[in-house]
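Undergrad: Numbering (the working numbering), first residue to last: 1 to 551.
Using N, Cα and C, we set each Cβ at its ideal position, and we do this for glycine too.
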């Protein structure tokens, strides 16, 4: 799905989200909002001095900008509005509100927020004669982003805003916030689509990356630049370039759960899965404290908070921490209540996570005891049939496995084309499930070539998915194909499959054990022993014994 199509889906869903957000969100955040705007003392010390007569307004402005950088936009709006109340003449407070109301890489614009943003930036313009020249420049640049009435196709506005911010950055090279916001404006032009599948930069990516690298060179502790840089570089051929930002970012804003979590986006790409889990565990704890203090509503508690739990389930799964993986998956699924999914369909992405976790760890009897998904959750129903099919196949009930595969195919045929799971349409994901299940059944019936064909087709579909974190498919299909090849007496082919998975998912224990076994089958004992040592390091935190590359 293209970024524009993805944004269109989220825009359509926004009206439903607005209704859902006015109700209590899923557990554990159901509570009335707190009206008093707190000043947080754990968001770091990043400051952007603005023209104001009120020191307290300055503090709220700084808090608002930090929260924009932390992707907690609704809380940022509260801070900017508080600054406006404390100093009605502060033009930059209205600029901040307009900025936070705008689109970002995780949420598109909607007409109501666009209208509010237009009104706020017009207020800023009316007060701009009291502002400094750099402030006037950034205010007028943001004014390019909004129109009244809002445009159905706002791409010309977003391009105009990016161009205007480039000019602001050039006029005021010492304003590192202007440079950071220019880079974000470029990011917003193609959310989550900065690199092609073969690792080439998309238009605008190099300028974005170079701008952020220059900000970080001059101000290594800039929270926004480090955060955005991780997003800019994580899907690139060299995610290790983001390691310094990952290692410093959590300490820059220790009270911002999403910022604390962001290191995981790099760690998971460079094989530091335990560190990724730690980052998410810390983020979950930080968010629990924030939720208890403020009782927020809106996008942050409904999407960003569960994202950390989702990520934790994925990384602990890679580590072999079955109990933690399944526990996090169960907690995550609580957000996908039938009401939440009806009103905000994107929430369905969380619903099948327990099925994925149980399948990864071979909990076949638990899978067969899982209840039927709620009516209307078509994607989850498909995954339910997939998981049951895998369970039946693993326990020797191949005819029943085949029946589940047929039911999965029937569900996939009825899946609405607008069902989106994270950054990807649901159809290809169910197709992966179908081929993986057919491949497993075929292998257990001794039809090895048929099994290999299905697994390779599943891999092709998996490789074509849009980049997303956590990965859109719960366990790399190469780990399944490798075992089929190894069991069929084709260890050299298995070795190549495992090496390719390790290239994509460095130092994951699942493929390391498969690689070691494929090397031993070829009498490459010295290298096999070295790989086994790597496996033991990768599996140090596991609570299960891994006999092969899959259960």
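Assess, as a yes-or-no matter, whether the segment 408–419 is touched by the segment 462–479 under the definition of 3 or more beta carbon pairs within less than 8 Å.
TA: The segment 462–479, when compared against the segment 408–419, does not touch it at the 8 Å Cβ threshold.
Undergrad: Do residue 108 and residue 314 count as a contact pair if the criterion is CB distance below 8 Å?
TA: Not a contact, by the Cβ cut-off of 8 Å.
Undergrad: Pick helix, strand or coil for residue 22, following the three-state DSSP scheme.
TA: Residue placement at residue 22 cannot be trusted, given a pLDDT of 35 that sits under 50; what the coordinates show is reported in the next sentence. Three-state DSSP puts residue 22 in a helix.
Undergrad: Within 10 angstroms of the Cβ of residue 42, are there 16 or more other Cβ atoms? Answer buried if so, exposed if not.
TA: Exposed: under 16 other Cβ atoms inside 10 Å.
Undergrad: With 16 other CB atoms within 10 Å as the buried threshold, where does residue 537 fall?
TA: So residue 537 counts as exposed.
Undergrad: Is the CB-CB distance between residue 360 and residue 424 below 8 Å?
TA: No, Cβ-Cβ distance for residue 360 and residue 424 is not below 8 Å.
Undergrad: Three or more C-beta pairs under 8 Å: does that hold for the segment 271–284 against the segment 298–313?
TA: Yes, the segment 271–284 is in contact with the segment 298–313.
Undergrad: Have a look at residue 535 and residue 48 and give me their C-alpha separation to the nearest angstrom.
TA: Looking at the two C-alpha atoms, the distance is approximately 47 Å.
Undergrad: Which of helix, strand or coil does DSSP assign to residue 308?
TA: Helix at residue 308.
Undergrad: Taking only runs that begin and end inside the segment 115–144, name each unbroken alpha helix (DSSP H) of 4 or more residues, in chain order.
TA: Counting whole runs of 4 or more residues, the segment 115–144 contains the alpha helix (DSSP H) stretches 133–143.
Undergrad: Evaluate contact between the segment 58–76 and the segment 230–247, counting only Cβ atoms and requiring at least three cross-stretch pairs below 8 Å.
TA: Contact fails: fewer than three Cβ-Cβ distances are below 8 Å.
Undergrad: Quick check for students: name the residue ranges of the alpha helix (DSSP H) that lie wholly in the segment 357–386, counting only runs of 4 or more.
TA: Segments of the alpha helix (DSSP H) lying fully in the segment 357–386: 364–368.
Undergrad: Excluding sequence positions up to five away, which residues of its chain have a Cβ less than 6 Å from the Cβ of residue 454?
TA: Around residue 454: 435, 438 and 439.
Undergrad: Using the beta-carbon count (16 or more within 10 Å), is residue 81 buried or exposed?
TA: It counts as buried.
Undergrad: For residue 132 and residue 51, I'd like the C-alpha separation in whole angstroms.
TA: Each residue's alpha carbon lies about 7 Å from the other.
Undergrad: Taking its Cβ as the centre, do 16 or more other Cβ atoms sit within 10 Å of residue 53, making it buried, or is it exposed?
TA: Exposed is the call here.
Undergrad: I'd like to know if the segment 382–389 and the segment 340–355 are in contact, where contact means that at least 3 CB-CB pairs between them fall below 8 Å.
TA: Yes, since at least three Cβ pairs between the segment 382–389 and the segment 340–355 fall closer than 8 Å, the two stretches touch.
Undergrad: Alpha carbon to alpha carbon, how far is residue 555 from residue 547?
TA: Residue 555 falls outside the range modelled here, since the chain spans only 1 to 551, and no answer is possible.
Undergrad: I need the boundaries of the alpha helix (DSSP H) containing residue 94, first residue and last residue.
TA: Looking at the DSSP string, the run of the alpha helix (DSSP H) that includes residue 94 is 91–101.
Undergrad: Which of the three DSSP states, helix, strand or coil, is assigned to residue 51?
TA: Note: residue 51 maps to coil in three-state DSSP.
Undergrad: Are the CB atoms of residue 441 and residue 402 nearer to each other than 8 Å?
TA: Yes, Cβ-Cβ distance for residue 441 and residue 402 is below 8 Å.
Undergrad: Please report how far the alpha carbon of residue 77 lies from the alpha carbon of residue 65, in whole angstroms.
TA: Going by the C-alpha atoms only, they are around 9 Å apart.
Undergrad: For residue 493, which of 474, 514 and 505 has the nearest alpha-carbon?
TA: Out of 474, 514 and 505, 514 has the C-alpha closest to the C-alpha of residue 493.
Undergrad: Looking at the structure shown, is residue 201 part of a helix, part of a strand, or coil, going by DSSP?
TA: Strand at residue 201.
Undergrad: Among 383, 144, 263 and 397, whose alpha-carbon lies nearest the alpha-carbon of residue 445?
TA: Nearest option by C-alpha distance: 397.
Undergrad: How far does the alpha helix (DSSP H) with residue 428 in it reach, from first residue to last?
TA: Per DSSP, residue 428 belongs to the alpha helix (DSSP H) from 426–444.
Undergrad: Which same chain residues, not among the five before or five after residue 225, have their C-beta less than 6 Å away from its C-beta?
TA: Cβ neighbours of residue 225 beyond the five flanking positions: 180, 212, 215 and 216.
Undergrad: Judging by CA-CA distance, which residue of 93, 189 and 197 is the nearest neighbour of residue 207?
TA: When each option's Cα is compared against that of residue 207, the closest is 189.
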